[in-house]
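Numbering (mature numbering (1 follows the signal peptide of the UniProt record, and there is no 0)), first residue to last: -27 to -1, 1 to 703. C-beta: ideal position from N, C-alpha, C; glycine also. Since the structure is predicted, the reported quantities are computational estimates derived from the model, not experimental observations.
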Amino acid sequence: MAALRPLSTATMTVLLALLAAAAAAAASTGDPRDVVTGDRPIWELVRPSDALRAFLEHRAADAPGPLGVVVDTGSAAALQRARAAIADLDRNQNKGPFIFATFHSTGVSEPQLLPSWAELQRAVEAVATAPRPQSEVEGRALGQGPGPLDAVLGVAGVAPRGTRIILVTEDGARGADGETDTVAAVSRALKSNGIELDAWTLGRCDEYEALTNVSRATGGSLGCGDLVERAGAAAAGQVRAEDKAQLVTLAVRRGLEAPTRLQVQVDSSVRALQLQVRGPSGARAALRSPSGGTWTATAAADDGGALSLDRRQLGARAAGPGRWTVEALDGPVDVEVHALSDLGVTAYLEAPEQEGTRHQRADTLAKILLQEPQGVVINAVKLLDISGKEIGSAYQPKENNRTRQLSRRSVTNDQAELTTDKSEWEVEALPSGKPLLVETIGHNTNGEMFTRVSNLTKVDNVVIIPPAVDIELSPNTKLIVRKGENFQISYEVTNNRPNPLLLQFNMKDDLAFLLRLQPIEALIPPGQTIQVVGSLVANQNAADGQTDKVKLTARLAASGQETTKTALVYVQQEQINDVWNPKIWWSWKSTCAGAWDSSNCFTNTWTLELTIQDKDSGLLTISSQPRGVQFRTEFTSGTREEVKAYYSASCCSKRVDITATDLKGNTNRETFDVSSQFLSPAEIASITVGIIGILLIIAVIVLGIMLCRKRESLRLERRLSSRLASRDGR
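In structure tokens, the structure reads:
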């Protein structure tokens, strides 16, 4: 064998040049891995199917036993990602047997028992995307069609004990709408057979309570397609929903174009990054790391013009901070950089108090309250317009000086506890009627620099969004009863949303007066009101003067969100003599001075503060027309204490009627007109013209009097002259 000869200097130079060119080409085409230099972290590109594959691999490594796969064929995206993920899995980790089933809005397939991983892959490849006509989508949204749990139950019925079921669906909330009642039953059925459910959805985890409850009850977990859960899945389960990490914004820029580069400060708390790009189809933007890695996102791509990066978990030494850059490659683009981090800053505006005087300016001085993790130091606060460009800055009052803590509270998120501080900043002359961003610059507990961007909406621009469901007592409801008396409490339940809502009702009372509740479930059309009636009987053993607290709960079947209404029932043998109306006190917190013109009335609001009380029988209802009165604390019907409320509306709406009714039917109705608190420009002009007219009239009258007096004096002078002349003639 011939001896190896050392390479010549020229050959070495050529090889090094080729390696450098290859590295540059890899970087320019979006190399999925960052360059490792010393203690710098490794950043890897997280594609949509990568996250699901990592999720499946992690679960398979935990329990390589029987596996069931359930796929939503009503979603092309869910089916495509399931195919890509299963095709790339390590077949040696999954011994089988395998059960495969599909579902969509009109039915659930029969489960297939497959002997090998190859058969499972062929079954997934062979299934077609189900058609999704509009009527089916609407029917499924109402909870009328089958959902994920129906398919899971079908697989569980034929699966051997110890099977792990993987569910891949696009919209977990859609199927959960009609399945909330069966969550407990499904959980028991799976647990009794030792079956664990792991669900993967393409939406946000916090929207899918039914799937979350079943997964956790069976020892499984829920993975999602949002940035937080992609990072968790790519890190092989190390970032879980129980963690305190949150999605934060690092930078925003509209109309970014070369050669301008957007600087992005990435601190060690950042576990994953996401670049969102919007612009003309095909427009690209590049995200570059300090160590040379480059990733490219394209507007209008299949993944919504976004790319996600996950940081490898290599220990604390691999978590060094750095300054990243975003560069537009094709024309102007809009970019946003988000991150998964447990360091978030929330900014909200505390508007100055207004005493109702028409001359006081609402935007002279405003306070920005920042809520940040305990121990971090905020160094600067900048105001940005919606395009991300700086338009001003805030400053701290001298007496505050950052060491002053306005308040402290503990926020518990499952297993993680996060203690936060609030710091106060002041700003002058906020732009009226324009949305703002707040950029916070500071140092974390390790002394590293960080930046966070938060939305800030001026208080007088806030549109009051009513709750999804309103519950009020009917005006004919009786809350003063005698012992042994049968009575009813009637509620008016209103759907404030533009879509139908499926509600489940439950009623409880302290003294066990309740007999029945009708209905216990109802589908309420948009904007409609239904009656929910509770039938009760006052116990013969109830003490005179005793009070029964009755609470009605309306629960959204889709999300589990609850709305409650509490009423006090008084057991009294003697009737209350109440002929007086409830009292209403009010004050104007803000008016529409200077914002009455039709061009800007939509961007400003007025607020009316209310205090309402009936000391005699108690308040039954408090309502407004138009609807929208809000309570500072929960309003309990029947209370004899003061009730604090407020009403806020656009300056394009002038009037509101506030009506309070007590338990004896006495009613007080007050009409409030915000235009009476100030003069509009037209009224000012009219008054000015009127005053000028009056002055002109007065001037004419004075001039007329002066002319008359002058004429009279001339006449007197002539008479006097003639008399003197006649005397001289004699």
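- The stretch 477 to 484 and the stretch 615 to 632 do not touch, with fewer than 3 CB-CB distances between them shorter than 8 Å.
- DSSP places W90 in the helix class (H, G or I) of the three-state scheme.
- The stretch 525 to 542 makes contact with the stretch 440 to 455; the number of CB pairs closer than 8 Å reaches 3 or more.
- Less than 7 Å divides the Cβ of G193 from the Cβ of D171.
- Residue nearest to L409 within the set I351, W558, I341 and D45 is I341 (criterion: CA-CA distance).
- Under the DSSP assignment, R161 falls in the alpha helix (DSSP H) whose first and last residues are V156 to S165.
- With distances taken between CA atoms, I497 lies nearest to N469 out of N469, V523 and Q491.
- By the Cβ rule, the stretch 408 to 424 counts as touching the stretch 348 to 368, because three or more pairs are nearer than 8 Å.
- Of the candidates T644, K556, D315 and V159, T644 places its Cα closest to the Cα of Q598.
- Annotation for N554: N639 and N641 place their beta carbon closer than 6 Å to its own, counting only its chain and skipping 5 residues before and after.
- Residue environment analysis places I678 among the exposed positions, since fewer than 16 neighbouring C-beta atoms fall within 10 angstroms of its C-beta.
- Secondary structure of D123 (DSSP, three-state): helix.
- Using a C-beta cut-off of 8 Å, the stretch 586 to 606 makes contact with the stretch 625 to 640, since at least three inter-stretch Cβ pairs fall below that distance.
- Judged by DSSP secondary structure, A259 falls within the beta strand (DSSP E) whose first and last residues are R257 to R261.
- Under the three-state reduction of DSSP, R489 is assigned to strand.
- In this structure, F71 sits near L87, with a CB-CB distance shorter than 7 Å.
- The residue from D358, S590 and V552 with its alpha-carbon nearest to that of T612 is S590.
- Annotation: C625 to R600 spans about 15 Å, alpha carbon to alpha carbon.
- Between M422 and Q238, the beta carbon gap of about 6 Å places them in contact (Cβ cut-off 8 Å).
- Excluding five sequence positions before and after R257, the CB atoms of its chain that fall closer than 6 Å to its own CB belong to T269, T271, L302 and D303, given in chain order.
- For W173 against V141, the beta-carbon gap comes to about 5 Å, under 8 Å, which counts as contact.
- Around the CB of L246, 16 or more other CB atoms lie within 10 Å, so the residue is classed as buried.
- Counting along the chain, no beta strand (DSSP E) covers L484, and no H or E run does either.
- Distance from the CA atom of D521 to the CA atom of L509, rounded to whole angstroms, is 11 Å.
- The Cβ-Cβ distance between I493 and V466 does not fall below 7 Å.
- Nearest to D358 by C-alpha distance, out of W561, V426 and K562, is V426.
- Bounds of the beta strand (DSSP E) holding K562 are K556 to S563.
- The criterion of a C-beta distance shorter than 7 Å is satisfied by A511 and F486.
- For L343, the three-state secondary structure derived from DSSP is strand.
- Here the alpha carbon of R605 sits roughly 40 Å from the alpha carbon of V159.
- By a beta-carbon distance limit of 8 Å, P121 does not contact L40. Their separation comes to about 17 Å.
- Between A129 and L163, the CB-CB gap stays under 7 Å.
- No Cβ-Cβ contact shorter than 7 Å links T536 with A530.
- Note: V306 is bridge-paired with L229 in the DSSP secondary-structure output.
- In the three-state reduction of the DSSP assignment, L496 falls in the strand class, which pools E and B.
- Non-local C-beta neighbours of D646 in its own chain, meaning closer than 7 Å and more than five positions away in sequence, comprise K627 and R628, ordered along the chain.
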